[in-house]
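Participant: Numbering (my numbering), first residue to last: 12 to 146. All C-beta atoms in this analysis are idealised placements derived from N, C-alpha and C, irrespective of residue type, glycine included. Note that the structure is a prediction, hence the values are computed from the model and not measured.
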């Protein structure tokens, strides 16, 4: 979510993508079918509602217009991350089937039940952990 320019919990980004994928989401039901605890889903839902990215229709959550715009940015950030992983393959001369594959991977993984959003971990200073030896 940070890469997309949002200060959201990882579970909130996942929940936005999940709502986009399915149209609506009922948080309590989602906790029954996804590997994410209800407490984490509820915290994400509260954050999204508080920022006006989703609204409730009964027990269901749906995207608002700002939420739909956020989903586009989140999906683009995910695609950019996949492109970074592809490195040199993702140059200007990349094959068009690779472009289609990255788009398909982004769509398939965005809001998937297989994802396990987590609490953000503090950034680590690897140099402090592994000091260079004097040579």
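Rounding to the nearest angstrom, what Cα-Cα distance links residue 63 and residue 75 in this structure?
Facilitator: In the chain shown, the residue the question calls residue 63 occupies position 52. In the chain shown, the residue the question calls residue 75 occupies position 64. Their Cα atoms are separated by approximately 7 Å.
Participant: Which of the three DSSP states, helix, strand or coil, is assigned to residue 68?
Facilitator: The residue labelled residue 68 in the question sits at position 57 within the chain shown. In this structure, residue 68 counts as strand in the three-state DSSP scheme.
Participant: Who are the near neighbours of residue 133 in its chain, counting only those whose CB is closer than 8 Å to its CB and skipping five residues on each side?
Facilitator: For this step, residue 133 is matched to residue 122 along the chain shown. In this prediction, residue 133 scores a pLDDT of 48, lower than 50, which makes its location untrustworthy; the coordinate-derived value is nonetheless stated afterwards. Contacts found: none.
Participant: Please return the same chain residues whose Cβ sits closer than 7 Å to the Cβ of residue 81, not counting the five positions on each side in sequence.
Facilitator: Translated into positions along the chain shown, residue 81 becomes position 70. Cβ-Cβ distances below 7 Å link residue 81 to 17, 27 and 64 in the same chain, with the five nearest sequence neighbours on each side left out; the list follows chain order.
Participant: Give the straight-line distance between the Cα atoms of residue 66 and residue 79, rounded to the nearest whole angstrom.
Facilitator: Here residue 66 refers to the residue found at position 55 of the chain shown. Here residue 79 refers to the residue found at position 68 of the chain shown. The straight-line gap from Cα to Cα measures roughly 12 Å.
Participant: If you follow the alpha helix (DSSP H) that residue 22 is part of, which residue opens it and which one closes it?
Facilitator: The residue you call residue 22 lines up with position 11 of the chain shown. First-last of the alpha helix (DSSP H) with residue 22: 21 to 33.
Participant: For residue 51, name the three-state secondary structure that DSSP assigns.
Facilitator: Along the chain shown, one-based indexing puts residue 51 at 40. In the structure shown, residue 51 sits in a helix (DSSP, three-state: H, G or I).
Participant: Do the region 49 to 58 and the region 88 to 98 touch if we need at least three Cβ pairs shorter than 8 Å?
Facilitator: no
Participant: So which of 25, 36 and 114 has the shortest CA-CA distance to residue 69?
Facilitator: Translated into positions along the chain shown, residue 69 becomes position 58. Nearest option by C-alpha distance: 36.
Participant: How many angstroms separate the CA atom of residue 23 from the CA atom of residue 58?
Facilitator: For this step, residue 23 is matched to residue 12 along the chain shown. For this step, residue 58 is matched to residue 47 along the chain shown. About 7 Å.
Participant: May I ask you to list the residues that DSSP assigns as paired with residue 96?
Facilitator: Residue numbering aside, residue 96 sits at position 85 when the chain shown is read from its first letter. Beta-bridge partners assigned by DSSP to residue 96: none are found.
Participant: Which residue or residues does DSSP assign as beta-bridge partners of residue 36?
Facilitator: Reading the chain shown from its first residue, position 25 is the one you call residue 36. Its beta-bridge partners are 72.
Participant: Among 61, 32 and 71, which residue has its Cα nearest to the Cα of residue 38?
Facilitator: The residue labelled residue 38 in the question sits at position 27 within the chain shown. Checked all of 61, 32 and 71; the closest Cα to residue 38 is 71.
Participant: Which class does residue 18 belong to by DSSP, given the choice of helix, strand or coil?
Facilitator: Residue numbering aside, residue 18 sits at position 7 when the chain shown is read from its first letter. Coil, per DSSP.
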